[in-house]
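According to mature numbering (1 follows the signal peptide of the UniProt record, and there is no 0), the sequence shown holds residues -19 to -1, 1 to 274 in order.
Take a look at the structure below.
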Amino acid sequence: MKKIILLLALSSIGFAVYAQNTPKTDTAKRWTIHGENTFLISQSSYSNWSAGGVNAFAGNLVFNYDFNYKKDKWSWDNKVILGYGLSKQQDAGWRKNDDRIILNSLLGRQASQYWLYTFYMNFQTQFTRGYDYTTEPKTLISNIFAPAYLTFGPGFAYKRSDNFRINISPAAARIIMVNDDYLSSIGAFGVTPGNKSLFQFGASLDAYYKVNLVQNISLENILKLYSDYLHKPGDIYTDYTANLFMKVNKFVTVNAGVQMIYDGKTRIPNKDGSTKIALQVKQILGAGITYKF
């Protein structure tokens, strides 16, 4: 019941955001606000099917908004992504398949036609608890603000358009937060056991590229890299996401996405109770309704 309430709450948040005209025309033109509210569903069902199969259902809500400001040589680009999804397989119950809160902000002052001096900030966490279901009983492996990542620092950017930009910060601070007593006590996500945060200082790269492949089909690429000068700078945190958007009509879309993360500070549990560092991969495919403004 709590998960259903959470999905409804997220939906109301997305549709509650709207653009409002203001009598100060010159000020309104400085802001560009656009976004998408997407509800994806996927389902499979079998009855007396000789080849076998597992009944499954999944639903995902994604809110993706951009709030961009431009005045003279100054620009301020902000992106907010909220995503949550649940899936249910036969005899397995409800489990989440997507859970993310992403806030990205880039303040820039134009240095030349495409180059900017910038200050960059990125924050990431999740809404609810995550579990390892291979153990009995299930084991808590994540929670809201456990982990949470805050990265910020000055740098420079190449911005060809809103669909193509690369920001590099050679002096970026990164704070890993683990605000959960149990996860903190076992030193999850690289923190010292018993501590709830870890400070890093290094270099970051944040890149975004969206291209229209053919009419009504576009591919979005998001890449984040971070190297910690203070501890194993060659062990680079990597987060790459590719999203394919296929538009059927004004409201119906088919979306496919894959996210790959390599994080040397996050250990993945094995079935035998041991842990390992491995490439994390998440895939989502669904058809649903998208509302844009």
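Idealized CB from N, CA, C, for every residue including glycine.
Only a predicted model underlies this, so the values are computations on that prediction, with no experimental measurement involved.
Where do the ends of the alpha helix (DSSP H) carrying Asp162 lie?
162 to 166
I need the DSSP call for Gly215, collapsed to helix, strand or coil.
coil
Just list the residues that DSSP pairs Thr13 with in beta bridges.
DSSP output for Thr13 lists Asn49 as bridge partner(s).
With 16 as the cutoff for other CB atoms within 10 Å, does Thr256 come out buried or exposed?
exposed
Bounding residues of the beta strand (DSSP E) (the contiguous stretch that carries Trp30):
Where Trp30 is concerned, there is no enclosing beta strand (DSSP E), given that its DSSP letter is neither H nor E.
For the structure I just gave you, are there three or more beta carbon pairs, one from the segment 105 to 125 and one from the segment 135 to 145, closer than 8 Å?
no
On the three-state DSSP scale, how would you describe Ala73?
Coil, per DSSP.
Could you name the residues of the same chain whose beta carbon sits closer than 6 Å to that of Ala127, not counting the 5 residues immediately before and after it, in chain order?
Result list for Ala127: Val159, Asn160, Asp161, Leu164, in chain order.
State the Cα-Cα distance for the pair Tyr95 and Pro250, rounded to the nearest angstrom.
45 Å
Through-space distance from Asp253 to Leu131, alpha-carbon basis:
33 Å
Which term fits Tyr65, buried or exposed, when burial requires 16 or more other beta carbons within 10 angstroms of its beta carbon?
Label assigned to Tyr65: buried.
Tell me the rounded alpha-carbon separation between Thr50 and Asn41.
Note that residue 50 is Tyr in the sequence shown, not Thr. For Tyr50 and Asn41, the distance between alpha carbons rounds to 30 Å.
Using CA atoms only, rank isn't needed, just tell me which of Val235, Val262, Lys263 is closest to Thr19.
Val235
What number of angstroms, rounded off, separates the C-alpha of Phe100 from the C-alpha of Asn144?
19 Å
Straight-line Cα distance separating Pro135 from Asp152:
One detail in the question is off: residue 152 reads as Ala in this sequence, not Asp. Computed Cα separation, rounded: 7 Å.
Name the residue from Lys263, Glu17, Met102, Thr219 whose alpha carbon lies nearest to the alpha carbon of Thr271.
Glu17
When you compare the CB positions of Met227 and Asn197, do they come within less than 8 Å of one another, or not?
Yes, Cβ-Cβ distance for Met227 and Asn197 is below 8 Å.
Identify which residue in Leu21, Tyr243, Ser56 has its Cα closest to the Cα of Arg11.
Ser56
Counting only runs that start and end within the segment 145 to 210, where is the alpha helix (DSSP H) found for 4 or more residues in a row?
Counting only runs of 4 or more, we get 162 to 166.
Asn148 versus Gln261, Tyr98, Ala259, residue with shortest Cα-Cα distance
Tyr98
Beta-carbon separation of Tyr189 and Leu206 under 8 Å?
It is not a contact, given that the beta carbons lie outside the stated cut-off.
With a Cβ-Cβ cutoff of 8 Å, do Ser166 and Gly183 count as a contact?
no
Span of the beta strand (DSSP E) around Arg248
Arg248 -> no beta strand (DSSP E), and no H or E assigned at all.
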